[in-house]
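To start, the structure under review is shown below, and the notes come after it.
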Amino acid sequence: MEMAPMGSYGLEVVRVTSNGRRYYGRAGKSRLVEACLAPGISVARLALEHGVNANQLRKWVRKYQEGQSAKGQRSTGPLPDPSAFIRVETSPAPAERHTGGIAIRSAGLVPSVRLQASMPNGVSLTLEGCDAQLLVVMIDALGHCNVPAR
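Each residue of the sequence shown is one higher than the one before, starting from 50 at the first, in this note's numbering.
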């Protein structure tokens, strides 16, 4: 079978298997993929013009971009000037929340709490290791329960 370059990017078929699968030269593939990365270029149109499946060409482009990002390079354009950015450090400030008339102060740490409640009907409830907000909600809910005594 004759192996001839196709299109202006020199996409050359280097091998065709018995099931019809084509293998293309690396240089031609690279040129075609780089052409796809240009602004305003239709990948589908380039694929059609060069006799390549559009999905296959998109796959080549994706692999190329992943390879570029793995090398620490960006294929989307030049990097911004590092002096244009300022380092900002944040730390969580204690904030007060009011839930059911009880203020909770959080400083990023979750205290270990334990709640044991015995209801007039004999039901007992134990909560361990929950956060303070859940504890406040449970106390509020238990305070509004009308449980008849046994």
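Glycine is no exception: its CB is placed at the ideal position from the N, C-alpha and C atoms.
Rounded straight-line distance, which links the Cα of residue j to that of residue i
i      : j      : result
Asn102 : Val82  : 13 Å
Glu177 : Pro169 : 21 Å
Arg163 : Gln182 : 12 Å
Gly116 : Gln165 : 58 Å
Asn104 : Val110 : 10 Å
Arg71  : Lys112 : 18 Å
Arg107 : Ser67  : 24 Å
Glu98  : Gln114 : 22 Å
Ser79  : Gly69  : 22 Å
Arg64  : Gly74  : 9 Å
Ala60  : Lys120 : A quick correction: the sequence has Leu, not Ala, at residue 60. Near 25 Å, if we compare the C-alpha coordinates of Lys120 and Leu60.
Gly201 : Val185 : No information on residue 201 is available, as it lies outside the stretch 50 to 199 that the chain covers here.
Leu174 : Ser167 : 6 Å
Pro88  : Ala190 : 60 Å
DSSP three-state assignment for residue i, whether helix, strand or coil
i      : result
Gly77  : helix
Leu184 : helix
Ser118 : helix
Arg71  : strand
Val101 : coil
Ala84  : helix
Gly89  : coil
Arg123 : Unreliable positioning characterises Arg123 in this predicted model, as indicated by a pLDDT of 48, which lies under 50. The coordinate reading is nonetheless provided below. Coil, per DSSP.
Val110 : helix
Gly171 : coil
C-beta contact flag for residue i and residue j at 8 Å
i     : j     : result
Ile90 : Ala96 : no
Range covered by the beta strand (DSSP E) that runs through residue i
i     : result
Val63 : Leu60 to Val65
According to DSSP, residues forming a beta bridge with residue i
i      : result
Arg163 : Glu177
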